[in-house]
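Residue 7 in our numbering sits at position 5 of the sequence shown, and the numbers go up by one each step.
The structure appears below as C-alpha cells.
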Amino acid sequence: MKRSAAEVLREYGPFPGVDQVAGVTFDGQHVWFASGDRLNALDPASGKVVRAIDVAAHAGTAFDGQHLFQIAEDRIQKIDPNTGRVLATIPAPGGGGDSGLAWAEGSLWVGQNRGRKIHQIDPQTGAV
C-alpha cells in the first residue's frame, strides 16, 4: 500500500469549556461531537458550536438520518436532535467498555477498544 501524508483541510477547536472530544458524527448540517457531559453541534462553515444538549456523552456518536445515538457509560441513548430529549436507552454490549459507534443499514455498530471486538446491534431491541 502506498502511503502519503494526509492534508488537514480544516481544524476545529480547542473549544471553550470542553475537556475532551469523544464521538463525532455528521447529520448533513452539523458536526456533532461528544464532550463528556454534553453533545455539541458544530457549524462546519463558521467553526462555532451553535448548540449543545446536556446529556451523558462519553464515547461514540452516530446519526441514523433522524436521531443521534450516544454511548453513555454502559448504555446507548437514542436522542432527538431537535428537542434534545432521550427517546430510548439500550444496554451497550461492552458494559462500559465501548468506544466507537457507527450507523449503517439499519444497525448500530459498536466497537470495543480494549476488547478488540465489534458488535452489530439492533437499535430497537438492543439485541447483539
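Each residue gets a CB set at the ideal place from its N, CA and C atoms; glycine is no exception.
6 Å Cβ shell around residue i - same chain, five flanking residues per side excluded
{"i": "K119", "result": "none"}
{"i": "T91", "result": "R77, Q79"}
{"i": "G102", "result": "G62, G113"}
{"i": "N115", "result": "S101"}
Span separating the alpha-carbon of residue i from that of residue j
{"i": "Q22", "j": "I73", "result": "15 Å"}
{"i": "D56", "j": "S37", "result": "10 Å"}
{"i": "P93", "j": "L11", "result": "37 Å"}
{"i": "A43", "j": "W111", "result": "22 Å"}
{"i": "P46", "j": "A24", "result": "17 Å"}
{"i": "H69", "j": "E107", "result": "14 Å"}
{"i": "G19", "j": "D100", "result": "24 Å"}
{"i": "W131", "j": "V52", "result": "Nothing in the structure corresponds to residue 131, since the chain is present only between 3 and 130."}
{"i": "F35", "j": "F65", "result": "11 Å"}
{"i": "S109", "j": "Q126", "result": "9 Å"}
{"i": "E9", "j": "N84", "result": "34 Å"}
{"i": "F71", "j": "V33", "result": "14 Å"}
{"i": "G30", "j": "G117", "result": "32 Å"}
DSSP-derived helix/strand/coil call for residue i
{"i": "D45", "result": "strand"}
{"i": "A90", "result": "strand"}
{"i": "V26", "result": "strand"}
{"i": "S6", "result": "coil"}
First through last residue of the beta strand (DSSP E) which encompasses residue i
{"i": "D56", "result": "50–59"}
{"i": "A106", "result": "103–106"}
{"i": "V33", "result": "33–36"}
{"i": "T63", "result": "63–65"}
Other residues of its chain near residue i: CB distance less than 7 Å, five sequence neighbours each side excluded
{"i": "R40", "result": "A54, I55, D56, V57, A59"}
{"i": "P95", "result": "V112, H121, I123, V130"}
Per DSSP, cross-strand counterpart(s) of residue i
{"i": "F17", "result": "Partner(s): none; F17 has no beta bridge."}
{"i": "A74", "result": "R77"}
{"i": "R12", "result": "According to DSSP, R12 bridges with nothing at all."}
{"i": "Q114", "result": "K119"}
{"i": "R40", "result": "D56"}
Residues near residue i by beta carbon distance below 8 Å, same chain, minus five either side
{"i": "G98", "result": "E75, D76"}
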